[in-house]
Amino acid sequence: MTFDGFETLAIHAGQEADAQTGAVVVPIHQTSTYAQDSVARPRGGYEYSRTANPTRVALEECLAALESGTRGLAFASGMAAEDTLLRTVAKPGDHVIIPGDAYGGTFRLFSQVMQRWGVSWDAVPQTDPDAVRRAVRPETIAVWTESPTNPLLNVTDIEALAGVAHEAGALLVVDNTFASPYLQQPLRLGADVVVHSTTKYLGGHSDVVGGAAVVADAELAERLAFHQNTMGAIPGPFDAWLTLRGVKTLGVRMDRHCRNAERVATELSRHPGVERVYYPGLAEHPQHTVAKRQMRAFGGMVAFRPSGGEEAALRVCDRTRVFTLGESLGGVESLIEHPGRMTHASAAGSPLEVPADLVRLSVGIESADDLVADLAQALGK
Ligand SMILES: *Cc1c(COP(=O)(O)O)cnc(C)c1O
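The sequence shown begins at 22 in our numbering and counts up by one.
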């Protein structure tokens, strides 16, 4: 039987009941090596766990299905996925266009690592596809985008950017961490590669660090798999298992994340102590129309600027009780943070510097009433 509903794929793709025991859940294959029946004849097709491990393969097949890709590859972290992908597609002399408000770690990878290896980059505001087109150079091999972005929740038109990239003979890479494949499937919109920090919504429980890349083209997938094996930044079997366990409930979790975030964004936008709210689901968001077209719903991330400047922002972060002050995002529990001094501190003085009075929320799946009340008390006198 074939099936292709998203929630069905999340629970079943790559996850047949175990042939030997009937175990419904893919086992944690905690092994480095595999028995061979005779020389160079591995019994079950596996030789060594850097190259392939059944628990990791289950996760990789599931992620490929969820992103409508040809092949998924899992990595030890989102950054490991990005690094391995870049060293697969770029060589010295090449150029990549990155978002003007890229994830801080991505910016650091380009500015402090890839640059030393001769890969140049330009950080361009990507909400305007023409601005990206103007930044294209003969040596541009990729347009790297995120949507929605971190922490300002800008939305880029993935289909339009795929057009710009392909016109230039370049790849479009989409960091789909904030949306997750449940809300947005970039490969269906023309992107070539999707990268994830599975640490966030895919894992979903703040208990494991991981990354993934899902590729549309089989030949590129093959080259990336070669680099995954050669460079070796793979997740262990238990981490792959935890991530796969999280993925099973992605749909129901995202529905609640989105519902709660919409409620929080709406309440904040009505609050007299709040100057500005950033959430793609609000009608006044500058790219609301694009978001509506390419996303199922608007995600669980909300940013806002309280009146009273940086001091007020720091006070809110210190005062919440349900929202935990901490970095990261995408888990079932709500988190609050101050990007200027925490996740984006390293962007100070760069084109990616964020407003000092910005507060970022990862809205969890607790009771919405408690979340709204917590923010109201934290914003109070
Ligand atoms: C967290 C994150 C990453 C990096 O992933 P790690 O798993 O922390 O290495 C990349 N992109 C985005 C948008 C992220 O939020």
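Even for Gly, the Cβ is constructed at its ideal location relative to N, Cα and C.
The structure presented is a predicted model; accordingly, all values stated were derived computationally and were not measured.
Could you check which residue in the options has the C-alpha nearest to that of residue i?
i: T177; options: L356, T310 and D378; result: T310
i: P159; options: D115, D122 and S168; result: D115
i: V380; options: A368, Q308, G370 and Y299; result: Y299
i: Y55; options: R71, Q41, V45 and A40; result: R71
i: D339; options: A95, L94 and L400; result: L400
i: L289; options: N250, R277, D395 and E240; result: D395
i: A79; options: D39, P113 and S59; result: D39
i: W142; options: F344, R64 and R129; result: R129
i: T365; options: V185, A152, T127 and F344; result: Sequence inspection shows His at residue 365; the Thr mentioned does not correspond to that position. Closest by alpha carbon: T127.
i: I162; options: Q136, V117 and Q133; result: V117
i: P150; options: Q249, W138, N171 and E180; result: E180
i: S388; options: Q249, R362, A102 and C279; result: C279
i: R314; options: Y69, D228 and S168; result: S168
i: P360; options: A152, T251, A101 and N171; result: N171
Do residue j and residue i have their beta-carbon atoms positioned less than 9 Å apart in this structure?
i: F259; j: A282; result: no
i: D122; j: L373; result: yes
i: P307; j: N175; result: yes
i: V140; j: T166; result: no
i: L204; j: M316; result: yes
i: V145; j: E188; result: no
i: S201; j: L271; result: yes
i: G90; j: V215; result: yes
i: A86; j: G43; result: no
i: G370; j: E358; result: no
i: D213; j: A239; result: no
i: G231; j: F27; result: no
i: G352; j: G329; result: no
i: K269; j: I49; result: no
i: H292; j: A397; result: yes
So with Cβ pairs under 9 Å, would you call residue i a contact of chain B?
i: L30; result: In the structure shown, chain B does not exist; there is a single protein chain.
Between residue i and residue j, how many whole angstroms is the CB-CB distance? I'm expecting something under 8 Å.
i: A234; j: L106; result: 5 Å
i: S349; j: L356; result: 7 Å
i: G66; j: T220; result: Rounded, the Cβ-Cβ distance is 29 Å, inconsistent with contact.
i: L245; j: T109; result: 5 Å
i: Q147; j: L182; result: 7 Å
i: H217; j: N197; result: 6 Å
i: L208; j: E88; result: 6 Å
i: R326; j: E296; result: 5 Å
i: R336; j: A242; result: Actually they do not touch by this definition, with Cβ atoms about 48 Å apart.
i: P113; j: W138; result: 6 Å
i: A333; j: D378; result: 7 Å
Check whether the Cβ of residue i lies closer than 8 Å to any heavy atom of ligand 3, and answer yes or no.
i: F199; result: Absence of ligand 3 from the depicted structure is noted, with ligand 1 being the only ligands included.
Beta strand (DSSP E) containing residue i: first to last residue?
i: G232; result: G232 to V236
i: P120; result: H116 to P120
i: D143; result: S141 to V145
i: W138; result: Premise fails: W138 is in no beta strand (DSSP E) and is neither H nor E.
i: Q36; result: Taken as a continuous stretch (DSSP letters only), Q36 belongs to no beta strand (DSSP E), as it is neither H nor E.
Under DSSP, the alpha helix (DSSP H) around residue i begins and ends at which residues?
i: G184; result: I179 to E188
i: Q205; result: Here Q205 belongs to no alpha helix (DSSP H), and DSSP marks it neither H nor E.
i: E288; result: L271 to R291
i: P169; result: Premise fails: P169 is in no alpha helix (DSSP H) and is neither H nor E.
i: F247; result: A239 to M252
With a CB to CB cut of under 8 Å and the five nearest residues on each side skipped, what residues in its chain are close to residue i?
i: L392; result: N281, R284, V285, V343, F344, S355, V384 and G385
i: V323; result: L174, A282, V285, A286, L289, V298, Y299, Y300, R381, L382 and V384
Near residue i, what residues of its chain come up, given a Cβ to Cβ distance below 7 Å and the 5 sequence neighbours on each side ignored?
i: A73; result: Y67
i: G267; result: L223, G224, G225 and H226
i: Q206; result: E88 and S89
i: V45; result: A38
i: D58; result: R64
Under 6 Å Cβ to Cβ from residue i, same chain only, skipping five residues before and after it: list those, please.
i: R77; result: A95 and A261
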